[in-house]
Amino acid sequence: GYVKEYHGLTELVRISELLSCGRGEKPAPVEVSLPWDDKQPPEALENMRIKLAGPLTVIDQYFLYRYGQVTLATSDQWIPTQQHRPGREILQVIANQQKARLILDDGRSHTNPDKINWLGANRPPRAGDQTGTMTGILDYRFNAWRFHPDSPVSLQRRNPRPDVPARPADANLRVMAINLQNYFNGNGQGGGFESSRGARTQAELGHQTDKLVAALTAPDPDVIAVMELEADGYGEHSSLAQLADALGEPWRYIKTDPARSRRAIRNGLLYRPDRAEPRGTPRLLELAPQQGRPVLAQTFRPVDSEQQVRIAVAHLKSKSCRNATGINRDQGDGQGCWARARTRAAERVADWLNELPNPDNGRGNLLVGDLNSYAMEDPLTALARAGFRNLAPENAYSFRYKGRRGTLDYALADPTLAPSVLNSLYWAINSDEAPGLAYDGPDHTRQDGLWRASDHDPVITDLRL
Numbered sequence: 026g027y028v029k030e031y032h033g034l035t036e037l038v039r040i041s042e043l044l045s046c047g048r049g050e051k052p053a054p055v056e057v058s059l060p061w062d063d064k065q066p067p068e069a070l071e072n073m074r075i076k077l078a079g080p081l082t083v084i085d086q087y088f089l090y091r092y093g094q095v096t097l098a099t100s101d102q103w104i105p106t107q108q109h110r111p112g113r114e115i116l117q118v119i120a121n122q123q124k125a126r127l128i129l130d131d132g133r134s135h136t137n138p139d140k141i142n143w144l145g146a147n148r149p150p151r152a153g154d155q156t157g158t159m160t161g162i163l164d165y166r167f168n169a170w171r172f173h174p175d176s177p178v179s180l181q182r183r184n185p186r187p188d189v190p191a192r193p194a195d196a197n198l199r200v201m202a203i204n205l206q207n208y209f210n211g212n213g214q215g216g217g218f219e220s221s222r223g224a225r226t227q228a229e230l231g232h233q234t235d236k237l238v239a240a241l242t243a244p245d246p247d248v249i250a251v252m253e254l255e256a257d258g259y260g261e262h263s264s265l266a267q268l269a270d271a272l273g274e275p276w277r278y279i280k281t282d283p284a285r286s287r288r289a290i291r292n293g294l295l296y297r298p299d300r301a302e303p304r305g306t307p308r309l310l311e312l313a314p315q316q317g318r319p320v321l322a323q324t325f326r327p328v329d330s331e332q333q334v335r336i337a338v339a340h341l342k343s344k345s346c347r348n349a350t351g352i353n354r355d356q357g358d359g360q361g362c363w364a365r366a367r368t369r370a371a372e373r374v375a376d377w378l379n380e381l382p383n384p385d386n387g388r389g390n391l392l393v394g395d396l397n398s399y400a401m402e403d404p405l406t407a408l409a410r411a412g413f414r415n416l417a418p419e420n421a422y423s424f425r426y427k428g429r430r431g432t433l434d435y436a437l438a439d440p441t442l443a444p445s446v447l448n449s450l451y452w453a454i455n456s457d458e459a460p461g462l463a464y465d466g467p468d469h470t471r472q473d474g475l476w477r478a479s480d481h482d483p484v485i486t487d488l489r490l
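Position in the sequence shown (from 1) plus 25 gives the number in this note's numbering.
Next up, the structure:
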């Protein structure tokens with residue numbers, strides 16, 4: 026036969042003669058630990074039996090139900106710009122993280138497996154769970170080192186599913202903000218699922234709606250700010266109207282001029298009129314397409330108070346590099362594409378909110394939404410300079426991307442509102458869960474209930490006005 030590399034895997038091909046020498050002793054495993062040593066790259070161990078003493082942490086399950094694999098690392102990993110200012114040194118942080126990674130693979134080449142050998146009958150891991158000691162075969166293919174265990178893996182549940190966040194007894198306004206991961210309802214009459222976004226059938230829409238309703242109602246919010254909502258008006262067949270109907274009485278939604286929003290997706294505000302009364306006219310700030318979706322703002326008054334708060338919901342430009350040119354291309358500093366556009370948008374949003382007339386008994390502005398920026402990136406720095414305080418707890422995160430965690434979703438208070446904030450937190454029901462559990466996952470993996478209702482975790486903020 027002949028030795029060749031197939032996507033990095035060393036293998037024998039075109040074998041013309043094979044001699045069976047009978048059964049032999051299984052070789053003793055070579056004990057290995059991460060991170061990989063630069064001076065002794067694991068190439069020498071390729072296709073050998075190894076022992077991983079562990080523990081290793083699950084950091085990514087994106088391909089769990091696609092290829093039967095998860096990514097492990099010596100510890101959970103952060104998006105570098107969640108903790109460090111953007112700069113060229115970010116590349117070294119990423120390189121060091123890669124050395125501490127290994128893919129746990131099922132050793133099979135077909136997709137969408139009905140059964141994952143190493144998982145057995147266990148519940149799928151959440152990110153943050155850990156493995157114990159494992160033995161199996163190490164190989165390299167598709168640009169990654171992979172480990173194929175020779176027996177089911179013991180998983181230690183280090184990141185249990187969280188309880189519903191308790192509402193403080195003295196809170197009179199609970200605001201929940203969440204990216205809906207493209208809530209599109211076709212034509213609103215059971216068909217018309219022609220968009221590349223969101224549900225592809227009425228059945229999928231039903232699953233998506235059920236999961237979102239469970240997630241949105243469990244924390245008992247008074248106002249819900251949403252992003253990635255289909256921009257299809259406010260009629261009875263619109264996505265916003267049907268989401269409000271699914272939430273049930275007494276939920277209502279804020280209406281603005283639909284002609285002013287011509288994007289595929291938009292932001293929205295839903296509220297309970299028995300708890301929060303909208304006051305005055307809703308406001309829209311149009312942003313350039315390369316900056317983000319129109320910002321929606323509405324003043325609310327808790328029914329037991331005369332004080333008011335303006336809630337603004339924003340969704341800035343994504344990090345996708347499509348059509349990016351010049352300074353908006355990836356600068357290699359960890360912020361991805363369109364960082365300059367997002368920063369300009371953040372500055373404009375802050376100026377706009379600070380310039381809006383303060384209503385009677387106004388207690389300030391609460392800015393919520395998906396800013397597509399991690400905590401130490403330029404847009405958040407710009408908002409901090411403008412006086413907006415990031416309410417995220419220490420070591421919080423709302424999103425995972427390629428095995429790294431960070432905050433894309435925020436609640437920020439201006440100086441006037443800050444004293445009225447009782448609490449702000451992320452409810453980790455989505456980012457740590459396997460995507461295969463979502464509404465559009467395979468039939469044999471999709472789960473009912475609120476888990477993986479979206480790919481972003483909701484942000485919940487409690488106020489006393």
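Here a beta-carbon is modelled for each residue, glycine too, at the ideal position from N, C-alpha and C.
DSSP on Ser-445, reduced to helix/strand/coil?
-> Counting from 1 along the sequence shown, the entry for residue 445 is found at position 420. Residue state, collapsed to three classes: helix.
Quick one: is Ala-322 buried, meaning 16 or more other Cβ sit within 10 Å of its Cβ, or exposed?
-> The count along the sequence shown starts at 1 and reaches residue 322 at position 297. Burial state of Ala-322 is buried, judged by a 10 Å Cβ sphere holding 16 or more other Cβ atoms.
Secondary structure at Tyr-87, three-state DSSP: helix, strand or coil?
-> Your numbering for residue 87 matches position 62 in the sequence shown. Coil.
Span of the beta strand (DSSP E) around Ile-75 | Against the sequence shown, residue 75 aligns to sequence position 50. Going by DSSP, Ile-75 is part of the beta strand (DSSP E) stretching over 74–77.
Straight-line CA distance for Leu-268 to Arg-288?
-> For the purposes of this step, residue 268 is taken as the residue at position 243 of the sequence shown. For the purposes of this step, residue 288 is taken as the residue at position 263 of the sequence shown. Roughly 19 Å between the two C-alpha positions.
Is Glu-255 helix, strand or coil by DSSP?
-> Along the sequence shown, read from residue 1 onward, the residue named residue 255 stands at position 230. Here Glu-255 sits in strand by DSSP.
What does a CB cutoff of less than 7 Å around Asn-204 pick up in its chain, not counting 5 residues either side in sequence?
-> By one-based count along the sequence shown, residue 204 stands at place 179. The beta carbon of Asn-204 sits closer than 7 Å to the beta carbons of Met-252, Glu-253, Asp-395, Asp-434, Ser-479, His-481 from its chain, once the five residues preceding and following it are set aside; these are given in chain order.
Secondary structure at Ile-128, three-state DSSP: helix, strand or coil?
-> Within the sequence shown, numbered from 1, the residue matching residue 128 stands at position 103. In the structure shown, Ile-128 sits in a strand (DSSP, three-state: E or B).
In terms of residue numbering, what span does the beta strand (DSSP E) encompassing Val-38 cover?
-> Along the sequence shown, read from residue 1 onward, the residue named residue 38 stands at position 13. Taken as a continuous stretch (DSSP letters only), the beta strand (DSSP E) holding Val-38 covers 34–38.
Give the range of the beta strand (DSSP E) segment to which His-340 is assigned.
-> Within the sequence shown, the letter at position 315 stands for residue 340. Counted as a single uninterrupted DSSP element, the beta strand (DSSP E) harbouring His-340 occupies residues 333–340.
Short Cβ contact (8 Å threshold) for Gln-107 with Ala-152 = Mapped onto the sequence shown, residue 107 falls at position 82. Mapped onto the sequence shown, residue 152 falls at position 127. With a cutoff of 8 Å on beta-carbon distance, Gln-107 and Ala-152 are scored as not near each other.
In this structure, what does DSSP give as the bridge partners for Glu-302?
-> For the purposes of this step, residue 302 is taken as residue 277 along the sequence shown, with counting starting at 1. Per DSSP, Arg-326.
Could you check if Cys-46 is buried or exposed, using at least 16 other CB atoms within 10 Å of its CB as the buried criterion?
-> One-based indexing of the sequence shown puts residue 46 at position 21. Exposed is the call here.
Please go through the same chain and pick out, in chain order, the residues whose beta-carbon is closer than 6 Å to the beta-carbon of Asn-207, but skip the five residues on each side of it.
-> By one-based count along the sequence shown, residue 207 stands at place 182. Cβ-Cβ distances below 6 Å link Asn-207 to Arg-222, Gly-223, Glu-253 in the same chain, with the five nearest sequence neighbours on each side left out; the list follows chain order.
Measure from the alpha carbon of Ala-78 to the alpha carbon of each residue in Thr-160, Ala-400, Ser-330, Arg-425, then state which is nearest.
-> Taking the sequence shown and counting its residues from 1, the one referred to as residue 78 is at position 53. The shortest Cα separation from Ala-78 among Thr-160, Ala-400, Ser-330, Arg-425 belongs to Thr-160.
Cβ-Cβ separation, Ile-40 to Val-57 (assumed contact under 8 Å), whole Å | Position 32 of the sequence shown, counted from the first residue, corresponds to residue 57. Position 15 of the sequence shown, counted from the first residue, corresponds to residue 40. Between the beta-carbon of Val-57 and that of Ile-40 there is about 29 Å, and that puts the pair past the 8 Å contact cut.
Nearest-angstrom Cα separation, counted from Asn-197 out to Gln-65 = Here residue 65 refers to the residue found at position 40 when the sequence shown is read from its first residue. Here residue 197 refers to the residue found at position 172 when the sequence shown is read from its first residue. Straight-line measurement puts the Cα of Asn-197 at about 60 Å from the Cα of Gln-65.
Coarse secondary structure for Asn-121, derived from DSSP in three states | Here residue 121 refers to the residue found at position 96 when the sequence shown is read from its first residue. Of the three classes helix, strand and coil, the one that applies to Asn-121 here is helix, per DSSP.
What first and last residue would you give for the alpha helix (DSSP H) that runs through Leu-144?
-> Indexing the sequence shown from 1 puts residue 144 at position 119. Membership of Leu-144 in any alpha helix (DSSP H) is not indicated, and neither H nor E is assigned to it by DSSP.
What is the residue span of the alpha helix (DSSP H) that His-135 lies within?
-> Counted from its first residue, the sequence shown places residue 135 at position 110. No alpha helix (DSSP H) contains His-135, which DSSP labels as neither H nor E.
Grab me the residues of Ile-352's own chain with a C-beta within less than 8 Å of its C-beta, minus the 5 sequence neighbours each way, in chain order.
-> Your numbering for residue 352 matches position 327 in the sequence shown. Only residues of its own chain outside the window of five on either side were considered, and among them Arg-365 have a CB closer than 8 Å to the CB of Ile-352, listed in chain order.
CB Leu-237 to CB Gly-211, shorter than 8 Å?
-> Within the sequence shown, numbered from 1, the residue matching residue 237 stands at position 212. Within the sequence shown, numbered from 1, the residue matching residue 211 stands at position 186. Pairing Leu-237 with Gly-211 gives a Cβ-Cβ distance that is not under 8 Å.
Range of the contiguous beta strand (DSSP E) that encloses Leu-437 | Stepping through the sequence shown from its first residue, residue 437 is reached at position 412. Residue range 434–438 is occupied by the beta strand (DSSP E) that includes Leu-437.
Out of Asp-245, Asn-168, Asn-292, Lys-140, state which residue places its alpha-carbon closest to the alpha-carbon of Arg-192.
-> Taking the sequence shown and counting its residues from 1, one reaches residue 192 at position 167. Nearest option by C-alpha distance: Asp-245.
Between the segment 371–380 and the segment 319–339, do at least 3 Cβ pairs fall closer than 8 Å?
-> With the cut-off at 8 Å, the segment 371–380 and the segment 319–339 touch.
Per DSSP, which residues does Gly-387 bridge with? Please list them.
-> Position 362 of the sequence shown, counting from 1, holds the residue named residue 387. Per DSSP, Gln-333.
Asn-72 classed as buried or exposed, judged by whether at least 16 other C-beta atoms fall within 10 angstroms = Counting from 1 along the sequence shown, the entry for residue 72 is found at position 47. Answer is exposed; the Cβ neighbour count stays below 16.
Are there 16 or more other CB atoms within 10 angstroms of the CB of Asn-168, so buried, or fewer, so exposed?
-> Residue 168 sits at position 143 when you count from the first residue of the sequence shown. Asn-168 comes out exposed.
Reduced DSSP secondary structure (H/G/I, E/B, other) of Asp-195 = Counted from its first residue, the sequence shown places residue 195 at position 170. The three-state secondary structure of Asp-195, taken from DSSP, is coil.
Mapping DSSP to helix, strand and coil, what is Arg-288?
-> The residue you call residue 288 lines up with position 263 of the sequence shown. Taken through DSSP and simplified to helix, strand or coil, Arg-288 comes out as coil.
Is it true that the CB of Leu-490 sits closer than 8 Å to the CB of Val-492?
-> Lying outside 26 to 490, the shown extent of the chain, residue 492 is not represented and no answer is given.
Terminal residues of the alpha helix (DSSP H) in which Gly-231 lies | Here residue 231 refers to the residue found at position 206 of the sequence shown. In the DSSP annotation of this structure, the continuous segment of the alpha helix (DSSP H) that includes Gly-231 starts and ends at 227–242.
Residues bridged to Lys-29 by DSSP?
-> Against the sequence shown, residue 29 aligns to sequence position 4. Note: Lys-29 sits in a beta bridge opposite Glu-36.
Sequence-distant residues of its chain with Cβ nearer than 8 Å to Thr-226 (five each side left out) = The residue given as residue 226 occupies position 201 in the sequence shown. So the qualifying residues of the chain are Phe-218.
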